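Read the structure below first, then the notes.
Protein chains in written order, with this note's numbering: chain F, 9 to 248; chain X, -16 to 208.
Encoded structure:
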């Protein structure tokens, strides 16, 4: 408890915010890496999820590959890529993308699965071609779950991006490492609180985004509980 | 969490002759994973019982576990260290235990909630008391979901423990830390490979145990054929 209060004290100290070693700079670095990594992961994962979800093929493979994929340790990717491309942004970016791909793929698949069969039939009956049906009918219907996947990925990425501090790439992770080395626990606690606040803000931002882009009808059909629970697809054989 | 006096260290820049190092840390990693998942399950069980019986508790539990999950792993075990010690791996195991909760609580509760109402009525009619009904009817029927959660928790834990590397701790994570500092690429690759094989094996074990525990899910499939 005491450590948490000390952490808040450190966080609210104005002079800790300024300069290249300040909290503000670290915060922006963390957000920047997270944004880039999540965007790259989305570009990779969405087409895979779309292909599996739309055709219904390869679902078994996807579930099993994502199972093994999840076992890839973040720190392993960081250290190995660092040996290969030291002093660049690649170690961190690669590790974060690896982390963010499975939840987006699995949720995109789950999203396409959740499109009611009669809706698909109606789209075909109205004469939509395959791609038209995908973009005008299936994607909008699958959107709540796809967004849940991106949100879950973003949460994990933000919490993990602190690993950048380990290889000298800034972010709030720097405070975690220096604080650990010098046993300044107020700094460690303060930086952790900062990360938690960021994750919660991202969560809130996604909730707003969800309201803005998901159509009224789809929202009414998707129960709240499903939308919230979808962060971790519950009953799929291998689906955080 | 044994004393690490006997920990072997990597010699040279090749794999041969270093299998004892890999094996040592694989054993340690396995032990940590099992402790974390078992402890996590032991905590998630009463929590989910509460969440099923008192639905208002569930959102609070979810929010709480989500917040724990948002704490960077390093920060969590650094902050746990003053209580649990600075040189051993206890803080890491406890941190992993807390992380498993976000998966286990959710899967337990959703699995139990999916048990059909008529089954519960039948159990009530047969005179089951709430706790016995929970242990004897709801839990067994929720097993497929619970097993899915346990598999996910196991694989995540195997992969996450290595984060301890950044402070030179955490099972196979120690190999990442050592390989990084001494620039031994093969040690990094060995640790990565060992982590993934370990995750795969533990996943298969939980999967197989789950299949053994839920014979009815197989019988249904057989009947269709």
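Where is the CB? At the ideal position from N, CA and C, for every residue including glycine.
Quick caveat: nothing in here was measured; it's all calculated off a predicted structure.
Assuming residue i and residue j are in contact, meaning their beta carbons sit under 8 angstroms apart, how far apart are those beta carbons, in whole angstroms?
i: residue 161 of chain F; j: residue 203 of chain F; result: Between residue 203 of chain F and residue 161 of chain F the Cβ distance is about 16 angstroms, and since that is not below 8 angstroms, they are no contact.
i: residue 181 of chain F; j: residue 159 of chain X; result: Rounded, the Cβ-Cβ distance is 16 angstroms, inconsistent with contact.
i: residue 106 of chain X; j: residue 141 of chain X; result: In fact, because the Cβ distance is near 37 angstroms, the residues do not count as touching under 8 angstroms.
i: residue 90 of chain X; j: residue 132 of chain X; result: 3 angstroms
i: residue 100 of chain F; j: residue 177 of chain F; result: 6 angstroms
i: residue 128 of chain F; j: residue 214 of chain F; result: So it is not a contact: roughly 27 angstroms between Cβ atoms.
i: residue 226 of chain X; j: residue 91 of chain F; result: For chain X, the structure presents residues -16 to 208; residue 226 of chain X sits outside this window and is missing.
i: residue 144 of chain F; j: residue 136 of chain F; result: 6 angstroms
i: residue 235 of chain X; j: residue 87 of chain F; result: One cannot answer for residue 235 of chain X here, as it falls past the ends of chain X, which runs -16 to 208.
i: residue 38 of chain F; j: residue 206 of chain F; result: 7 angstroms
i: residue 157 of chain F; j: residue 111 of chain F; result: 5 angstroms
i: residue 179 of chain F; j: residue 187 of chain F; result: Rounded, the Cβ-Cβ distance is 13 angstroms, inconsistent with contact.
i: residue 102 of chain X; j: residue 76 of chain X; result: Actually they do not touch by this definition, with Cβ atoms about 37 angstroms apart.
i: residue 137 of chain X; j: residue 155 of chain X; result: Residue 137 of chain X to residue 155 of chain X, Cβ: 15 angstroms. No contact.
i: residue 153 of chain F; j: residue 122 of chain F; result: 6 angstroms
i: residue 246 of chain X; j: residue 126 of chain X; result: Residue 246 of chain X is absent from the structure shown; chain X starts at -16 and stops at 208.
i: residue 78 of chain F; j: residue 139 of chain X; result: 6 angstroms
i: residue 163 of chain F; j: residue 53 of chain X; result: 7 angstroms
i: residue 88 of chain X; j: residue 27 of chain X; result: 5 angstroms
Mind checking which residues open and close the alpha helix (DSSP H) that includes residue i?
i: residue 54 of chain X; result: Segment: none, residue 54 of chain X is in no alpha helix (DSSP H) and carries neither H nor E.
i: residue 152 of chain F; result: 147 to 168
i: residue 153 of chain X; result: It is not in any alpha helix (DSSP H) - residue 153 of chain X carries neither H nor E in the DSSP assignment.
i: residue 75 of chain X; result: 73 to 96
i: residue 142 of chain X; result: 126 to 144
i: residue 24 of chain X; result: 2 to 36
i: residue 47 of chain F; result: 31 to 63
i: residue -2 of chain X; result: Counting along the chain, residue -2 of chain X falls outside any alpha helix (DSSP H), and DSSP gives it neither H nor E.
i: residue 11 of chain F; result: 10 to 19
i: residue 179 of chain F; result: First-last for residue 179 of chain F: undefined, no H or E at that position.
i: residue 74 of chain F; result: 67 to 78
i: residue 218 of chain F; result: 193 to 221
i: residue 116 of chain X; result: 113 to 116
i: residue 108 of chain X; result: 100 to 108
Kindly indicate if chain C contains any beta-carbon less than 8 angstroms away from that of residue i.
i: residue 184 of chain F; result: Here chain C cannot be found, since the structure's protein chains are F and X.
Validate contact between the region 50 to 64 of chain X and the region 79 to 91 of chain X using beta carbons, cut 8 angstroms, 3 pairs: Touching, yes.
Within 8 angstroms of chain X by C-beta, residues of the region 186 to 203 of chain F in sequence order: Under the 8 angstroms Cβ criterion, the region 186 to 203 of chain F contributes 187, 188, 193, 196, 197, 199, 200 and 203.
The region 61 to 75 of chain X: positions lying closer than 8 angstroms to chain F by Cβ: Residues passing the 8 angstroms Cβ filter: 61, 62 and 65.
Contact list for the region 211 to 227 of chain F against chain X, Cβ threshold 7 angstroms: Residues passing the 7 angstroms Cβ filter: none.
Members of the region 79 to 102 of chain F near chain X, C-beta cut-off 9 angstroms: Taking 9 angstroms as the Cβ-Cβ cut-off, the region 79 to 102 of chain F approaches chain X at 79, 80, 81, 82, 83, 84, 85, 86, 87, 88, 90, 91 and 92, given in chain order.
The region 183 to 192 of chain X / the region 81 to 96 of chain F touching (three or more Cβ pairs under 8 angstroms): They do not touch, by the three-pair rule.
Entirely enclosed beta strand (DSSP E) segments - the region 82 to 150 of chain F, minimum 3 residues: Counting whole runs of 3 or more residues, the region 82 to 150 of chain F contains no beta strand (DSSP E) stretch at all.
Stretch pair the region 87 to 101 of chain F + the region 128 to 143 of chain F: three plus CB contacts closer than 8 angstroms: No, the region 87 to 101 of chain F does not touch the region 128 to 143 of chain F.
Given 8 angstroms, three or more beta-carbon pairs between the region 30 to 48 of chain F and the region 97 to 107 of chain F: Contact between the region 30 to 48 of chain F and the region 97 to 107 of chain F is present, because at least three Cβ pairs lie under 8 angstroms.
Members of the region 146 to 163 of chain X near chain F, C-beta cut-off 7 angstroms: Correct list: 146, 148, 149, 150, 156, 159, 162 and 163.
Chain X contacts made by the region 28 to 40 of chain F, where a contact means CB separation under 9 angstroms: Of all residues in the region 28 to 40 of chain F, none is placed with a Cβ closer than 9 angstroms to any Cβ belonging to chain X.
Contact between the region 37 to 51 of chain X and the region 4 to 16 of chain X (3+ Cβ pairs under 8 angstroms): Output reads no: the region 4 to 16 of chain X does not touch the region 37 to 51 of chain X.
Interface residues of the region 123 to 154 of chain F facing chain X [CB-CB below 9 angstroms]: Along the region 123 to 154 of chain F, none of the residues has a CB nearer than 9 angstroms to a CB of chain X.
Complete alpha helix (DSSP H) runs within the region 147 to 197 of chain X (minimum length 4 residues, chain order): Restricted to the region 147 to 197 of chain X, the alpha helix (DSSP H) segments that are unbroken, complete and at least 4 residues in length are 156 to 164 and 168 to 196, listed in chain order.
Touch test, the region 46 to 61 of chain F against the region 149 to 157 of chain X, Cβ-Cβ under 8 angstroms, three pairs minimum: Not touching, per the Cβ criterion.
The region 187 to 194 of chain F contacting the region 36 to 43 of chain X, beta-carbon criterion three pairs below 8 angstroms: Counting Cβ pairs under 8 angstroms, fewer than three are found: no touch.
Cβ contact (3+ pairs, closer than 8 angstroms) linking the region 106 to 125 of chain F and the region 171 to 186 of chain X: They do not touch, by the three-pair rule.
Proximal residues, the region 46 to 75 of chain F versus chain X, C-beta separation under 8 angstroms: Here the close residues are 75.
At least 3 beta-carbon pairs within less than 8 angstroms: the region -7 to 11 of chain X vs the region 161 to 177 of chain X: Yes, the region -7 to 11 of chain X is in contact with the region 161 to 177 of chain X.
Cβ pair count under 8 angstroms reaching 3, the region 24 to 34 of chain X against the region 87 to 101 of chain X: With a cut-off of 8 angstroms, the region 87 to 101 of chain X and the region 24 to 34 of chain X count as touching, because enough Cβ pairs lie within range.
Residues, ordered as in the chain, of the region 173 to 187 of chain X that lie near chain F by beta-carbon distance below 7 angstroms: Result list: 174, 175, 178, 179, 182, 183 and 186.
Chain F contacts made by the region -2 to 24 of chain X, where a contact means CB separation under 7 angstroms: Of all residues in the region -2 to 24 of chain X, none comes within less than 7 angstroms of chain F when Cβ atoms are compared.
At least 3 beta-carbon pairs within less than 8 angstroms: the region 195 to 202 of chain F vs the region 15 to 32 of chain F: Put simply, the region 195 to 202 of chain F touches the region 15 to 32 of chain F. At least three CB pairs are less than 8 angstroms apart.
Short-range partners of chain F found in the region 109 to 131 of chain X, where Cβ spacing is below 8 angstroms: Along the region 109 to 131 of chain X, the positions whose C-beta sits under 8 angstroms from a C-beta of chain F are 127, 128 and 131, read in chain order.
Contact residues within the region 167 to 179 of chain F, judged by C-beta distance below 8 angstroms to chain X: Taking 8 angstroms as the Cβ-Cβ cut-off against chain X, the residues of the region 167 to 179 of chain F that qualify are 167, 168, 170, 171 and 174.
Residues of the region 29 to 44 of chain X whose Cβ lies closer than 7 angstroms to any Cβ of chain F, in chain order: So nothing in the stretch comes that close.
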